[in-house]
Structure formats: C-alpha cells, structure tokens
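A.B. asks: Pasting a structure below so you can have a look.
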Amino acid sequence: MNIDMIGPAIVLGLGCLGSAIGCAIGGMASHGVMSRVDENHGKFIGMSAMPSSQAIYAFVLMLLMKNAIQANTLSGVAGIGIGTSVGLAIMVSSIYQGMCAATGIQAAAKQPAVFGKCFAALGIVESFSLFAFVFALLLI
1027 MNIDMIGPAI VLGLGCLGSA IGCAIGGMAS HGVMSRVDEN HGKFIGMSAM PSSQAIYAFV
1087 LMLLMKNAIQ ANTLSGVAGI GIGTSVGLAI MVSSIYQGMC AATGIQAAAK QPAVFGKCFA
1147 ALGIVESFSL FAFVFALLLI
C-alpha cells in the first residue's frame, strides 16, 4: 500500500463510522417507536437513515484526494491533515444527526404533525458536513 493513501483512507473510514453510528442511534429510536405506533413505520425508518448520506461525502472526497495525490497536486501529509480534520467533522456531524433523528422520531410518534418540521434540524446538522466537504475541495 502506498503510504500517501492514508489521508483518503482516514476520511472514508471516519465518515462511514460516523454514518453507521448515526444510523444506529436513529434506528434504535425508530425500533422503539414502531413497537408503540401502528402505522407510518416507513417515515421513521427514513428519518433514521438520514446520517447515511454523509458517507457519500466521505467517499467522493476519498476518490478526489486519491486522484490529487496520484497527480502530485496534493502531498501525502496534506492528505492526512485534510482527511483527519474533514473525516472528524463528517463523523461528528453524522453522529449528532442520528441523535437529532432519534428525538425527531420520538416527537413525531407523539405528535405526528411535527414530522416534516423535524427535517429542518436534520438539514442544519448535515450542512456542517457539507461545509467541511466543500472546504476540503477548496484545499485539494
């Protein structure tokens, strides 16, 4: 393995780890609510899957970083710095989005009218991953 590829591996690993944790948090809330509510289970499952989208940012960034390193426009050390910092931002955002999804699921089970409104908070949390992704693109 080329040691220069550590940065792309870090961003992908942290991004996917965060998405998995976030989806697990949302999924656990969804399971709890589905045991008490007789309908609209798909809505709860959909909300619990929201953190998975952030793994896509990590995947795309990993590919772009790999290509930039191979083209010698990005050094391996810079790749490690970008991969670690952006990977952590994506990971933390994914985890907190999962927590936000969990409370949104619980709120919508009690008060179905708030379901759509809960997506505003989920979008705000996800925007920080998107900001980190865009800033990384500017650095590559």
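Note that the numbering used here numbers the sequence shown so that position 129 is 1155, with each residue one more than the last.
Idealized CB from N, CA, C, for every residue including glycine.
Can you tell me the Cα-Cα spacing of Gly-1039 and Gly-1053, whole angstroms?
C.D. replies: In the sequence shown, the residue the question calls residue 1039 occupies position 13. In the sequence shown, the residue the question calls residue 1053 occupies position 27. Computed Cα separation, rounded: 21 Å.
A.B. asks: Kindly list the residues whose CB is nearer than 8 Å to the CB of Leu-1168, restricted to its own chain and excluding five residues on each side of it in sequence; keep chain order.
C.D. replies: Outside the displayed span of the chain (1027 to 1166) sits residue 1168, for which this structure offers no information.
A.B. asks: Would DSSP call Val-1140 helix, strand or coil?
C.D. replies: Working through the sequence shown from its first residue, we reach residue 1140 at position 114. DSSP places Val-1140 in helix when its eight states are reduced to three.
A.B. asks: How far does the alpha helix (DSSP H) with Val-1051 in it extend, from its first residue to its last?
C.D. replies: Here residue 1051 is taken as the residue at index 25 of the sequence shown, counted from 1. Just to set this straight, residue 1051 is Ile in the shown sequence, not Val. Where Ile-1051 is concerned, the enclosing alpha helix (DSSP H) stretches over 1032-1060.
A.B. asks: Alpha carbon to alpha carbon, how far is Ile-1167 from Ile-1047?
C.D. replies: Because the chain in this structure spans residues 1027 to 1166, residue 1167 falls outside the shown range and cannot be described.
A.B. asks: Excluding five sequence neighbours on each side, which residues of the same chain lie with their C-beta closer than 6 Å to the C-beta of Ser-1155?
C.D. replies: Reading the sequence shown from its first residue, position 129 is the one you call residue 1155. Once the five neighbours on either side are set aside, the close Cβ partners of Ser-1155 are Gln-1080, Tyr-1083, Ile-1116 and Ser-1119.
A.B. asks: Going by C-alpha distance, which of Phe-1145, Leu-1087 and Gly-1068 is nearest Ser-1111?
C.D. replies: As a working note, residue 1111 is residue 85 in the sequence shown. For Ser-1111, the nearest C-alpha among the options comes from Leu-1087.
A.B. asks: Applying the 10 Å Cβ sphere with the 16-neighbour rule, what's the burial state of Lys-1092?
C.D. replies: The sequence position of residue 1092 within the sequence shown is 66, counting from 1. So Lys-1092 ends up on the buried side.
A.B. asks: State the Cα-Cα distance for the pair Gly-1044 and Ile-1121, rounded to the nearest angstrom.
C.D. replies: On the sequence shown, residue 1044 is found 18 positions in, with the first residue counted as 1. On the sequence shown, residue 1121 is found 95 positions in, with the first residue counted as 1. Approximately 5 Å, taken between the alpha carbons.
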